[in-house]
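Asks:
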Amino acid sequence: MLYSAAFRRLQQKAQVFSLESNASVRSRLTHSLEVSQVGRYISDKIVELAEIKNPEISRSLAIFVETACLDHDIGNPPFGHFGEAAIQQWFDKNGSDLLKLALPKNPKNSKLLNDFIEFDGNPQGLRILSKLQWNNDQHSLNLTTTSLLSCLKYLRCAGEKKKNSPLYKKAGFFSTESALIKHCWGEHGISNENPHRFPLASIMEAADDISYCISDLEDSVEKGIVSLSHAANWISQKWEAKRGAVTTDYACSEVNAAIYKIQNEWGGFLEASDCSYTFTDFRTSTTRFLVYYAAKNFVALANAGNEIATLLPENSAATIFLEILKDYCRENVYCNEKVQLIEYAGYTAIAGLLEIFKPLLSNHA
(Lines of atoms letter the chains of each structure in order from A; the text may use other names.)
(Lines give C-alpha, C1' and ligand atoms only; values in the text may rest on other atoms or scores of the structure.)
Protein backbone atom coordinates (compact mmCIF):
# COMPACT_ATOMS: atom_id res chain seq x y z
CA MET A 1 0.00 0.00 0.00
CA LEU A 2 2.71 2.49 0.97
CA TYR A 3 4.44 1.99 -2.39
CA SER A 4 1.34 2.37 -4.59
CA ALA A 5 0.93 5.45 -6.77
CA ALA A 6 -2.67 5.89 -5.62
CA PHE A 7 -1.49 6.26 -2.03
CA ARG A 8 1.26 8.74 -2.97
CA ARG A 9 -1.28 10.86 -4.85
CA LEU A 10 -2.98 11.63 -1.54
CA GLN A 11 -0.15 14.11 -0.94
CA GLN A 12 -1.71 16.44 -3.52
CA LYS A 13 -5.23 16.12 -2.11
CA ALA A 14 -6.46 18.34 0.68
CA GLN A 15 -7.72 17.30 4.08
CA VAL A 16 -9.52 20.66 4.47
CA PHE A 17 -7.37 23.31 2.82
CA SER A 18 -6.87 22.78 -0.90
CA LEU A 19 -3.72 23.94 -2.72
CA GLU A 20 -2.08 24.62 0.65
CA SER A 21 1.49 25.95 0.64
CA ASN A 22 2.02 25.62 4.41
CA ALA A 23 3.74 22.26 4.95
CA SER A 24 2.48 22.13 8.55
CA VAL A 25 -1.12 21.85 7.35
CA ARG A 26 -2.31 18.32 6.67
CA SER A 27 -2.90 16.76 3.27
CA ARG A 28 -4.91 13.58 2.78
CA LEU A 29 -1.63 11.68 2.94
CA THR A 30 -0.55 12.99 6.33
CA HIS A 31 -4.11 12.57 7.61
CA SER A 32 -4.14 8.92 6.48
CA LEU A 33 -0.83 8.28 8.24
CA GLU A 34 -2.24 9.74 11.45
CA VAL A 35 -5.42 7.66 11.15
CA SER A 36 -3.32 4.52 10.73
CA GLN A 37 -1.40 5.35 13.90
CA VAL A 38 -4.61 5.87 15.88
CA GLY A 39 -6.06 2.68 14.40
CA ARG A 40 -3.01 0.73 15.52
CA TYR A 41 -3.29 2.37 18.95
CA ILE A 42 -6.90 1.14 19.24
CA SER A 43 -5.87 -2.34 18.09
CA ASP A 44 -3.09 -2.53 20.67
CA LYS A 45 -5.48 -1.40 23.38
CA ILE A 46 -8.03 -4.07 22.32
CA VAL A 47 -5.32 -6.72 22.62
CA GLU A 48 -4.47 -5.43 26.10
CA LEU A 49 -8.07 -5.22 27.35
CA ALA A 50 -9.11 -8.55 25.83
CA GLU A 51 -5.94 -10.17 27.20
CA ILE A 52 -5.09 -11.69 23.82
CA LYS A 53 -1.93 -13.76 24.32
CA ASN A 54 -1.47 -15.10 20.79
CA PRO A 55 1.17 -12.86 19.12
CA GLU A 56 0.02 -13.87 15.61
CA ILE A 57 -3.52 -12.65 16.30
CA SER A 58 -2.21 -9.43 17.85
CA ARG A 59 0.08 -8.74 14.92
CA SER A 60 -2.56 -9.58 12.30
CA LEU A 61 -5.17 -7.36 13.96
CA ALA A 62 -2.81 -4.39 13.96
CA ILE A 63 -1.75 -4.92 10.33
CA PHE A 64 -5.31 -5.30 9.00
CA VAL A 65 -6.51 -2.20 10.85
CA GLU A 66 -3.46 -0.17 9.87
CA THR A 67 -3.93 -1.10 6.21
CA ALA A 68 -7.63 -0.18 6.29
CA CYS A 69 -6.77 3.19 7.82
CA LEU A 70 -4.15 3.89 5.16
CA ASP A 71 -6.73 2.94 2.51
CA HIS A 72 -9.72 4.82 3.86
CA ASP A 73 -9.34 8.03 1.79
CA ILE A 74 -7.60 6.59 -1.27
CA GLY A 75 -10.67 7.08 -3.48
CA ASN A 76 -11.23 10.74 -2.68
CA PRO A 77 -11.37 12.86 -5.85
CA PRO A 78 -9.64 16.25 -6.15
CA PHE A 79 -11.32 18.86 -3.91
CA GLY A 80 -12.91 16.17 -1.73
CA HIS A 81 -16.65 16.47 -1.17
CA PHE A 82 -16.91 19.32 -3.69
CA GLY A 83 -15.32 17.04 -6.28
CA GLU A 84 -17.78 14.29 -5.40
CA ALA A 85 -20.69 16.71 -5.70
CA ALA A 86 -19.49 17.96 -9.10
CA ILE A 87 -19.42 14.41 -10.51
CA GLN A 88 -22.72 13.40 -8.90
CA GLN A 89 -24.65 16.45 -10.06
CA TRP A 90 -23.22 16.48 -13.58
CA PHE A 91 -24.19 12.85 -14.22
CA ASP A 92 -27.57 13.28 -12.55
CA LYS A 93 -28.27 16.14 -14.95
CA ASN A 94 -26.64 14.81 -18.12
CA GLY A 95 -26.15 11.06 -17.77
CA SER A 96 -29.53 9.76 -18.90
CA ASP A 97 -29.66 11.93 -22.02
CA LEU A 98 -26.11 11.12 -23.05
CA LEU A 99 -26.59 7.41 -22.55
CA LYS A 100 -30.18 7.13 -23.81
CA LEU A 101 -29.06 4.97 -26.74
CA ALA A 102 -26.89 2.72 -24.58
CA LEU A 103 -29.23 2.28 -21.59
CA PRO A 104 -31.91 0.15 -23.34
CA LYS A 105 -29.30 -2.16 -24.87
CA ASN A 106 -28.05 -3.58 -21.59
CA PRO A 107 -29.63 -3.36 -18.11
CA LYS A 108 -26.12 -3.15 -16.62
CA ASN A 109 -25.71 0.29 -18.19
CA SER A 110 -28.34 1.79 -15.88
CA LYS A 111 -26.45 0.39 -12.89
CA LEU A 112 -23.25 1.97 -14.19
CA LEU A 113 -25.04 5.31 -14.42
CA ASN A 114 -26.07 4.98 -10.76
CA ASP A 115 -22.40 4.49 -9.90
CA PHE A 116 -21.70 7.98 -11.22
CA ILE A 117 -24.85 9.60 -9.80
CA GLU A 118 -23.83 8.29 -6.37
CA PHE A 119 -20.10 8.78 -6.93
CA ASP A 120 -18.26 8.87 -3.62
CA GLY A 121 -14.73 8.46 -2.34
CA ASN A 122 -15.58 5.31 -0.39
CA PRO A 123 -16.72 3.08 -3.29
CA GLN A 124 -14.13 4.66 -5.58
CA GLY A 125 -11.46 3.67 -3.06
CA LEU A 126 -12.65 0.09 -3.12
CA ARG A 127 -12.56 0.16 -6.92
CA ILE A 128 -8.97 1.43 -6.88
CA LEU A 129 -7.90 -1.23 -4.39
CA SER A 130 -9.58 -4.09 -6.24
CA LYS A 131 -9.27 -3.10 -9.93
CA LEU A 132 -7.71 0.19 -10.98
CA GLN A 133 -4.30 0.06 -9.27
CA TRP A 134 -3.09 -2.52 -11.78
CA ASN A 135 0.10 -4.36 -10.87
CA ASN A 136 0.48 -7.91 -12.20
CA ASP A 137 -3.15 -8.72 -12.96
CA GLN A 138 -6.69 -7.35 -12.99
CA HIS A 139 -7.03 -7.71 -9.21
CA SER A 140 -5.11 -4.52 -8.46
CA LEU A 141 -3.31 -4.75 -5.10
CA ASN A 142 -4.56 -8.30 -4.47
CA LEU A 143 -5.74 -7.50 -0.96
CA THR A 144 -7.33 -10.22 1.17
CA THR A 145 -11.07 -10.34 1.82
CA THR A 146 -10.34 -9.22 5.38
CA SER A 147 -8.48 -6.12 4.17
CA LEU A 148 -11.23 -5.21 1.70
CA LEU A 149 -14.05 -5.58 4.23
CA SER A 150 -12.05 -3.67 6.85
CA CYS A 151 -12.30 -0.52 4.72
CA LEU A 152 -15.97 -1.02 3.73
CA LYS A 153 -17.67 1.74 5.70
CA TYR A 154 -21.16 1.52 4.17
CA LEU A 155 -23.14 -1.60 3.20
CA ARG A 156 -25.21 -0.34 0.27
CA CYS A 157 -24.47 -0.70 -3.44
CA ALA A 158 -24.89 2.47 -5.51
CA GLY A 159 -28.45 2.62 -6.85
CA GLU A 160 -29.93 0.47 -4.09
CA LYS A 161 -32.63 1.83 -1.81
CA LYS A 162 -31.46 3.60 1.33
CA LYS A 163 -32.43 2.15 4.70
CA ASN A 164 -32.99 3.85 8.03
CA SER A 165 -29.47 3.16 9.22
CA PRO A 166 -26.21 5.13 9.22
CA LEU A 167 -24.60 2.15 7.46
CA TYR A 168 -26.85 2.69 4.41
CA LYS A 169 -26.91 6.48 4.12
CA LYS A 170 -24.24 6.45 1.38
CA ALA A 171 -23.07 3.96 -1.21
CA GLY A 172 -20.29 1.72 0.05
CA PHE A 173 -19.47 0.09 -3.27
CA PHE A 174 -20.30 0.41 -6.96
CA SER A 175 -22.23 -2.12 -9.03
CA THR A 176 -18.92 -3.08 -10.66
CA GLU A 177 -17.64 -4.36 -7.30
CA SER A 178 -20.93 -5.86 -6.08
CA ALA A 179 -19.96 -9.44 -6.92
CA LEU A 180 -16.60 -9.00 -5.19
CA ILE A 181 -18.18 -7.66 -2.00
CA LYS A 182 -20.72 -10.47 -1.91
CA HIS A 183 -17.88 -12.95 -2.33
CA CYS A 184 -16.02 -11.31 0.57
CA TRP A 185 -19.14 -11.43 2.74
CA GLY A 186 -19.62 -15.09 1.90
CA GLU A 187 -16.04 -15.90 2.88
CA HIS A 188 -16.73 -14.46 6.35
CA GLY A 189 -20.22 -15.89 6.83
CA ILE A 190 -21.98 -12.55 6.33
CA SER A 191 -25.43 -12.62 4.71
CA ASN A 192 -25.79 -10.88 1.33
CA GLU A 193 -29.45 -10.09 2.05
CA ASN A 194 -28.91 -8.67 5.53
CA PRO A 195 -25.21 -7.87 5.88
CA HIS A 196 -23.55 -6.36 8.90
CA ARG A 197 -20.43 -4.25 9.05
CA PHE A 198 -17.17 -6.14 9.34
CA PRO A 199 -15.87 -5.51 12.91
CA LEU A 200 -12.48 -4.09 11.88
CA ALA A 201 -14.21 -1.43 9.74
CA SER A 202 -15.59 0.05 12.96
CA ILE A 203 -12.05 0.45 14.28
CA MET A 204 -11.06 2.23 11.08
CA GLU A 205 -14.07 4.56 11.32
CA ALA A 206 -13.38 5.38 14.97
CA ALA A 207 -9.72 6.13 14.19
CA ASP A 208 -10.78 8.44 11.35
CA ASP A 209 -13.32 10.30 13.52
CA ILE A 210 -10.86 10.76 16.36
CA SER A 211 -8.13 11.98 14.02
CA TYR A 212 -9.91 14.46 11.79
CA CYS A 213 -12.07 16.10 14.46
CA ILE A 214 -8.93 17.13 16.31
CA SER A 215 -6.59 17.75 13.36
CA ASP A 216 -9.02 19.98 11.43
CA LEU A 217 -9.17 22.28 14.45
CA GLU A 218 -5.39 22.26 14.81
CA ASP A 219 -4.87 23.12 11.13
CA SER A 220 -7.38 25.97 11.42
CA VAL A 221 -5.40 27.45 14.31
CA GLU A 222 -2.16 26.97 12.36
CA LYS A 223 -3.60 28.95 9.43
CA GLY A 224 -4.92 31.71 11.68
CA ILE A 225 -8.56 31.17 10.72
CA VAL A 226 -9.54 30.72 14.38
CA SER A 227 -7.85 31.39 17.71
CA LEU A 228 -7.38 29.02 20.62
CA SER A 229 -9.35 31.32 22.92
CA HIS A 230 -12.35 31.47 20.56
CA ALA A 231 -12.30 27.69 20.10
CA ALA A 232 -11.98 27.03 23.84
CA ASN A 233 -14.85 29.34 24.80
CA TRP A 234 -17.15 28.09 22.01
CA ILE A 235 -16.48 24.41 22.72
CA SER A 236 -16.90 24.92 26.48
CA GLN A 237 -20.27 26.63 26.04
CA LYS A 238 -21.57 23.88 23.76
CA TRP A 239 -20.44 21.17 26.16
CA GLU A 240 -22.13 22.89 29.11
CA ALA A 241 -25.38 22.99 27.12
CA LYS A 242 -25.23 19.30 26.16
CA ARG A 243 -23.50 17.41 28.93
CA GLY A 244 -26.68 16.98 30.99
CA ALA A 245 -28.08 14.65 28.32
CA VAL A 246 -25.04 12.43 27.88
CA THR A 247 -24.48 8.98 29.28
CA THR A 248 -22.40 9.10 32.47
CA ASP A 249 -19.38 6.90 31.87
CA TYR A 250 -15.60 6.89 31.79
CA ALA A 251 -15.52 9.22 28.78
CA CYS A 252 -17.76 11.80 30.45
CA SER A 253 -15.27 12.53 33.24
CA GLU A 254 -12.43 12.65 30.70
CA VAL A 255 -14.31 15.14 28.50
CA ASN A 256 -15.08 17.27 31.56
CA ALA A 257 -11.36 17.32 32.37
CA ALA A 258 -10.41 18.21 28.79
CA ILE A 259 -12.97 21.03 28.62
CA TYR A 260 -11.86 22.40 31.99
CA LYS A 261 -8.24 22.35 30.83
CA ILE A 262 -8.75 24.22 27.54
CA GLN A 263 -11.11 26.73 29.13
CA ASN A 264 -8.59 27.60 31.83
CA GLU A 265 -5.48 27.40 29.65
CA TRP A 266 -6.74 28.83 26.35
CA GLY A 267 -9.80 30.88 27.28
CA GLY A 268 -7.94 34.13 27.82
CA PHE A 269 -5.21 33.73 25.19
CA LEU A 270 -5.31 34.82 21.57
CA GLU A 271 -2.17 33.12 20.31
CA ALA A 272 -1.00 29.52 20.67
CA SER A 273 2.46 30.73 21.68
CA ASP A 274 1.05 32.56 24.71
CA CYS A 275 0.12 29.51 26.77
CA SER A 276 1.98 26.53 28.18
CA TYR A 277 -0.79 24.02 27.37
CA THR A 278 -0.10 23.34 23.70
CA PHE A 279 -2.36 21.82 21.08
CA THR A 280 -0.08 18.79 21.13
CA ASP A 281 -0.97 18.37 24.83
CA PHE A 282 -4.67 18.60 23.99
CA ARG A 283 -4.40 16.20 21.04
CA THR A 284 -2.39 13.65 23.02
CA SER A 285 -4.62 13.57 26.10
CA THR A 286 -7.84 13.60 24.08
CA THR A 287 -6.71 10.86 21.70
CA ARG A 288 -5.60 8.72 24.64
CA PHE A 289 -8.98 8.58 26.36
CA LEU A 290 -10.95 8.31 23.10
CA VAL A 291 -8.80 5.35 22.01
CA TYR A 292 -9.33 3.64 25.36
CA TYR A 293 -13.08 4.27 25.14
CA ALA A 294 -13.32 2.86 21.59
CA ALA A 295 -11.26 -0.22 22.47
CA LYS A 296 -13.28 -0.84 25.62
CA ASN A 297 -16.52 -0.75 23.61
CA PHE A 298 -15.09 -3.13 21.00
CA VAL A 299 -14.15 -5.70 23.65
CA ALA A 300 -17.50 -5.36 25.44
CA LEU A 301 -19.51 -5.85 22.23
CA ALA A 302 -17.33 -8.77 21.13
CA ASN A 303 -17.60 -10.51 24.51
CA ALA A 304 -21.38 -10.10 24.44
CA GLY A 305 -21.59 -11.52 20.93
CA ASN A 306 -23.21 -8.33 19.61
CA GLU A 307 -22.78 -6.70 16.22
CA ILE A 308 -19.90 -4.21 16.27
CA ALA A 309 -21.48 -1.45 14.19
CA THR A 310 -19.83 1.51 15.93
CA LEU A 311 -17.36 2.08 18.74
CA LEU A 312 -18.60 5.61 19.45
CA PRO A 313 -22.31 5.29 20.44
CA GLU A 314 -24.60 8.17 19.53
CA ASN A 315 -25.40 9.56 23.00
CA SER A 316 -22.03 8.92 24.61
CA ALA A 317 -19.93 11.76 25.96
CA ALA A 318 -17.11 10.82 23.58
CA THR A 319 -19.34 11.09 20.51
CA ILE A 320 -20.97 14.34 21.61
CA PHE A 321 -17.53 15.82 22.31
CA LEU A 322 -16.36 14.89 18.80
CA GLU A 323 -19.59 16.27 17.34
CA ILE A 324 -18.95 19.57 19.11
CA LEU A 325 -15.49 19.72 17.53
CA LYS A 326 -17.06 18.97 14.12
CA ASP A 327 -19.75 21.62 14.65
CA TYR A 328 -17.11 24.19 15.55
CA CYS A 329 -15.27 23.56 12.29
CA ARG A 330 -18.53 23.58 10.29
CA GLU A 331 -19.51 26.97 11.70
CA ASN A 332 -16.10 28.61 11.81
CA VAL A 333 -13.75 26.86 9.36
CA TYR A 334 -15.39 24.99 6.49
CA CYS A 335 -17.56 28.01 5.71
CA ASN A 336 -14.59 30.39 5.68
CA GLU A 337 -14.53 32.48 2.50
CA LYS A 338 -10.95 31.58 1.56
CA VAL A 339 -11.67 27.87 2.02
CA GLN A 340 -14.87 27.96 0.01
CA LEU A 341 -13.49 30.03 -2.87
CA ILE A 342 -10.90 27.35 -3.64
CA GLU A 343 -13.47 24.56 -3.23
CA TYR A 344 -15.93 26.28 -5.58
CA ALA A 345 -13.14 26.81 -8.08
CA GLY A 346 -12.41 23.09 -7.86
CA TYR A 347 -16.08 22.25 -8.36
CA THR A 348 -16.16 24.46 -11.45
CA ALA A 349 -12.96 22.92 -12.83
CA ILE A 350 -14.23 19.34 -12.51
CA ALA A 351 -17.67 20.17 -13.91
CA GLY A 352 -15.95 22.05 -16.75
CA LEU A 353 -13.77 19.05 -17.63
CA LEU A 354 -16.84 16.83 -17.75
CA GLU A 355 -18.48 19.29 -20.15
CA ILE A 356 -15.39 19.28 -22.37
CA PHE A 357 -15.41 15.47 -22.57
CA LYS A 358 -19.18 15.30 -22.97
CA PRO A 359 -19.06 14.53 -26.74
CA LEU A 360 -16.90 11.46 -26.08
CA LEU A 361 -19.55 9.98 -23.80
CA SER A 362 -22.30 10.79 -26.28
CA ASN A 363 -20.41 9.22 -29.20
CA HIS A 364 -19.58 6.12 -27.15
CA ALA A 365 -23.24 5.62 -26.31
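Going by our numbering, the first residue of the sequence shown is number 1, and it counts up by one from there. Backbone N, C-alpha and C define an ideal beta-carbon position, used for all residues, glycine too. Fair warning: this is a prediction, and the values are worked out from it, not measured in the lab.
Roughly how many angstroms separate the alpha carbons of L129 and S27, rounded to a whole number?
Replies: Here the question's residue 129 lines up with position 129 in the sequence shown. Here the question's residue 27 lines up with position 27 in the sequence shown. In this structure, the straight-line span from the alpha carbon of L129 to that of S27 is close to 20 Å.
Asks: Tell me, please, which residues DSSP counts as bridged to A14.
Replies: Numbered from 1 along the sequence shown, position 14 holds the residue referred to as residue 14. In the DSSP output, where bridge partners are listed per residue, A14 has S27.
Asks: Return the residue from the list S202, T348, N264 and R156 that minimises the CA-CA distance to H230.
Replies: Sequence index remark: in the sequence shown, residue 230 carries index 230 (1-based). Closest by alpha carbon: N264.
Asks: In the DSSP assignment, find the alpha helix (DSSP H) that holds F321 and state where it starts and stops.
Replies: Counted from its first residue, the sequence shown places residue 321 at position 321. That run of the alpha helix (DSSP H) goes A317 to N332.
Asks: Going by DSSP in three states, G267 sits in which element: helix, strand or coil?
Replies: Looking up residue 267 in the sequence shown gives position 267. Of the three classes helix, strand and coil, the one that applies to G267 here is coil, per DSSP.
Asks: Considering G305, what are the terminal residues of the beta strand (DSSP E) in which it resides?
Replies: On the sequence shown, residue 305 is found 305 positions in, with the first residue counted as 1. It is not in any beta strand (DSSP E) - G305 carries neither H nor E in the DSSP assignment.
Asks: Terminal residues of the continuous alpha helix (DSSP H) containing F174?
Replies: Reading the sequence shown from its first residue, position 174 is the one you call residue 174. No alpha helix (DSSP H) holds F174; DSSP gives it neither H nor E.
Asks: Tell me, please, whether the segment 314 to 332 touches the segment 244 to 253 by the rule of three or more beta-carbon pairs shorter than 8 Å.
Replies: yes
Asks: Which residues in the same chain as N233 place their Cβ atom closer than 8 Å to its Cβ, once the five residues preceding and following it in sequence are excluded?
Replies: Walking along the sequence shown from the start, residue 233 turns up at place 233. For N233, where only same-chain residues beyond five positions count, the Cβ hits under 8 Å are Q263 and G267.
Asks: Which same chain residues, not among the five before or five after A86, have their C-beta less than 7 Å away from its C-beta?
Replies: In the sequence shown, residue 86 corresponds to position 86, counting from 1. Y347, I350 and A351, listed in sequence order.
Asks: With respect to the alpha helix (DSSP H) encompassing I214, which residues constitute its N-terminal and C-terminal limits?
Replies: Numbered from 1 along the sequence shown, position 214 holds the residue referred to as residue 214. Its alpha helix (DSSP H) spans residues P199 to E222.
Asks: So for C69, helix, strand or coil by DSSP?
Replies: Against the sequence shown, residue 69 aligns to sequence position 69. Three-state DSSP puts C69 in a helix.
Asks: Looking at the secondary structure, which residues open and close the alpha helix (DSSP H) in which G121 lies?
Replies: As a first step, residue 121 is located in the sequence shown; it is residue number 121 there, counting from the start. It spans G121 to R127 - the alpha helix (DSSP H) in which G121 sits, taken as one unbroken run.
Asks: Any idea what DSSP makes of C151, helix, strand or coil?
Replies: For the purposes of this step, residue 151 is taken as residue 151 along the sequence shown, with counting starting at 1. DSSP places C151 in coil when its eight states are reduced to three.
Asks: Rounded to the nearest angstrom, what separates W146 and K100 at their Cα positions?
Replies: Position 146 of the sequence shown, counted from the start, is the residue given in the question as residue 146. Position 100 of the sequence shown, counted from the start, is the residue given in the question as residue 100. It should be noted that the sequence gives Thr, not Trp, for residue 146. Cα-Cα distance, rounded: 39 Å.
Asks: Ignore the nearest five residues each way along the sequence and tell me which others in V221's own chain have a CB closer than 8 Å to its CB.
Replies: Within the sequence shown, residue 221 is the residue found at index 221, counting from 1. Closer than 8 Å at the Cβ level, and outside the excluded window around V221, lie S227, L228, A231, A272 and F279.
Asks: Determine the DSSP secondary structure at C184, reduced to helix, strand or coil.
Replies: Residue numbering aside, residue 184 sits at position 184 when the sequence shown is read from its first letter. Correct three-state label for C184: helix.
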